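Heads up: the sequence shown is residues 2 to 179, going by my numbering. Yeah, the Cβ is synthetic: ideal placement off N, Cα and C, and Gly gets one too. Every value quoted in this text rests on a predicted model; they were computed, and no experiment measured them.
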Amino acid sequence: MCARRDGSCSAILGRDTRFFNGCRDDGRSAGMESMNESNQQGNPQTAAAQGGLRDLIRRPFADHAMVTVTPEESLSSAWQKMRAEGISQLPVMEGERIVGILDESDMLLHVYGDESRFGDPARAAMVQRLDKVSVNAPIEALLPVFDRGHVAIVMAGEGFLGLITRIDLLDYLRQKLG
2 MCARRDGSCS
12 AILGRDTRFF
22 NGCRDDGRSA
32 GMESMNESNQ
42 QGNPQTAAAQ
52 GGLRDLIRRP
62 FADHAMVTVT
72 PEESLSSAWQ
82 KMRAEGISQL
92 PVMEGERIVG
102 ILDESDMLLH
112 VYGDESRFGD
122 PARAAMVQRL
132 DKVSVNAPIE
142 ALLPVFDRGH
152 VAIVMAGEGF
162 LGLITRIDLL
172 DYLRQKLG
């Protein structure tokens, strides 16, 4: 949501400020207006630019650390995985390719009013429009994704690397304080 009454939003990363110009009717930012590039040592943006966003991914897909579901897996199975791992979203994978994301809200909206829908496949409730971000993107590329209420899908070309959530970014920034 926009933090300022004038309809603009800002986020501070290190000594950089990013201004988001205007808000849509739903109160979210419409887009970035200005970027003050900084190459100062210790700036989180600079650190991310050197190693990409890879350092912010808690459970890399390639390490088999990420919990996933297939499109055919039941929502009941997906829910059990979410509960067991204490996570609120799951990538939906066909082999090595991400085809969707399933979160608590998607599942709730699908099963509410008809609990038998827990037997439906994940593809019935997953979101297919994904917010993909290049692993080489600067940290501020995550802010518009989070502003839309989404999770960042980190890619290296066509290869899926992992997810970055708001909590992941907050943890990363907090660690920078020492």
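Where the beta strand (DSSP E) through Q90 begins and ends: Q90 to E95
DSSP state of I1, grouped into three classes? Limits of the chain in this structure are 2 at one end and 179 at the other, which puts residue 1 out of reach.
8 Å Cβ cutoff met for V155 and L54: yes
Segments assigned beta strand (DSSP E), at least 3 residues, entirely inside the segment 85 to 135: Listed in chain order, they are 90 to 95, 98 to 104 and 133 to 135.
With the cut-off set at 8 Å, would you say M108 and A85 are in Cβ contact? no
Rounding to the nearest angstrom, what Cα-Cα distance links F119 and L170 in this structure? Straight-line measurement puts the Cα of L170 at about 32 Å from the Cα of F119.
Quick one, are the C-beta atoms of G192 and M67 less than 8 Å apart? Within the shown structure, residues of the chain are numbered from 2 to 179, placing residue 192 beyond reach of any answer.
By Cβ distance, which residues of its chain are closer than 7 Å to T166, with the 5 residues on each side in sequence left out? V152
Counting only the same chain and skipping the five closest in sequence on each side, list residues whose C-beta sits under 8 Å from that of L178. none
Taking the beta carbon of I102 as the centre, do at least 16 other beta carbons fall within 10 Å, making it buried, or is it exposed? By the neighbour-count criterion, in which a residue is buried when 16 or more other Cβ atoms sit within 10 angstroms of its Cβ, I102 is buried.
Where does G163 sit, in a helix, a strand or coil, going by DSSP? strand
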